[in-house]
Amino acid sequence: MMSEKGFIDSHAYIIASPDVERRDKKALDIACHFLCEGQAKRPCMECPACRNVLAGFHPDIIDVSRKSDDKGKTKRDIQVEQIRHMASDAYVRPSQADKKVYIIRDAGSMNVPAQNAALKILEEPPEYAVFILCTDSAESL
């Protein structure tokens, strides 16, 4: 189904851009589309759900990104444990909206086991889960 924003509703999206700010904005736009409570245009960017998405605290958006080590340095890869946790969490129904949105930042940095775990959930997701993979280059996926 084509949305007002001009993209096809799907369970997974790849946002590829070297510009981190553009990737983040597009990811939030897609998240707003799925979580919007507006009656007419979706996303309305004005309803409580859209405002919560844009403010960074909607309970049905889960951020998956590289963790920091014990010295505060960002790790090189997204680890398989993170993706396994995301996959198991994906089977828990959303708390407020009809959908649950997972934003995987720096998706190209997943190590090989994490990629394999992600492929499983991306191939057979629950009907209410949406995955947004953000990367600087689609080829890195």
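Numbered as in my numbering, the sequence shown ends at 147 without a single skipped number.
In this text, a Cβ means the ideal position worked out from N, Cα and C, and glycines have one as well.
* Which two residues bound the contiguous beta strand (DSSP E) that contains I110? -> 106–110
* contact_flag[the region 39–53, the region 77–93] where n(CB pairs < 8 angstroms) is 3 or more -> The region 39–53 vs the region 77–93: no contact.
* Exposed unless 16 or more other CB atoms sit within 10 angstroms - verdict on K79 -> exposed
* C42 by DSSP, collapsed to three states: which one? -> coil
* **For L139 and N122, the rounded distance between their alpha carbons** => The straight-line gap from Cα to Cα measures roughly 14 angstroms.
* Pairing CB atoms from the region 101–108 with CB atoms from the region 59–79, are three or more of them under 8 angstroms? -> yes
* **Status (buried if at least 16 other CB within 10 Å, exposed otherwise) for P49** => buried
* Out of D15, P131, D112, P119, state which residue places its alpha-carbon closest to the alpha-carbon of E145. => D112
* Asked: Can you tell me whether DSSP reads D66 as helix, strand or coil?
  -> coil
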